[in-house]
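Last residue of the sequence shown? That's 64 in UniProt numbering, and every number before it is there in order.
Just so it is clear, CB atoms sit at the ideal spot from N, CA and C, and this is done for glycine as well.
Keep in mind that this is a model prediction, so the values were computed, not measured.
To start, the structure itself, in C-alpha cells.
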Amino acid sequence: MEALAPDGLVEAISVENGKGFALAVQWHPEFQVMDNPHYLTLFQSFGKACRQRSVLRQKLLLSA
C-alpha cells in the first residue's frame, strides 16, 4: 500500500519484486503532473521502466 486516504480508503498500491513496473492509483495524477513533484516522479519512473523494457526487448530480439 502506497497511499491511504484519511478515511482509510486505499488510494495507491504497488507490486514489490514484480517483473516490471506496477502501480495503481485511485486518482488522476496526469491532471496535475507539472504542479506536484510526486506526480512528476511517478511519470518519470514509468517512463524509465518503459525505456528499460524497450532496451531489453531489443537485446532479446537481436540475440534470437
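Residue of R57, A64, L62, S63 minimising C-alpha distance to G20: Position 20 of the sequence shown, counting from 1, holds the residue named residue 20. The residue with the shortest Cα to Cα distance from G20 is R57.
Residue interval of the beta strand (DSSP E) (run including A12): Looking up residue 12 in the sequence shown gives position 12. Run containing A12: 10-14, per the beta strand (DSSP E) assignment.
Cβ distance (whole Å) where G12 is taken to contact A24 below 8 Å: Working through the sequence shown from its first residue, we reach residue 12 at position 12. Working through the sequence shown from its first residue, we reach residue 24 at position 24. One point to set straight first is that residue 12 is Ala, not Gly, in the sequence displayed. Indeed, because the Cβ distance is near 7 Å, the residues count as touching under 8 Å.
Where the alpha helix (DSSP H) containing A49 begins and where it ends: Mapped onto the sequence shown, residue 49 falls at position 49. Segment 37-63, the alpha helix (DSSP H) holding A49.
Inter-residue Cα distance where the pair is F43 and E2: Against the sequence shown, residue 43 aligns to sequence position 43. Against the sequence shown, residue 2 aligns to sequence position 2. Roughly 15 Å separates the two Cα atoms.
Span of the beta strand (DSSP E) around A5: Counting from one through the sequence shown, the residue named residue 5 turns up at place 5. A5 -> no beta strand (DSSP E), and no H or E assigned at all.
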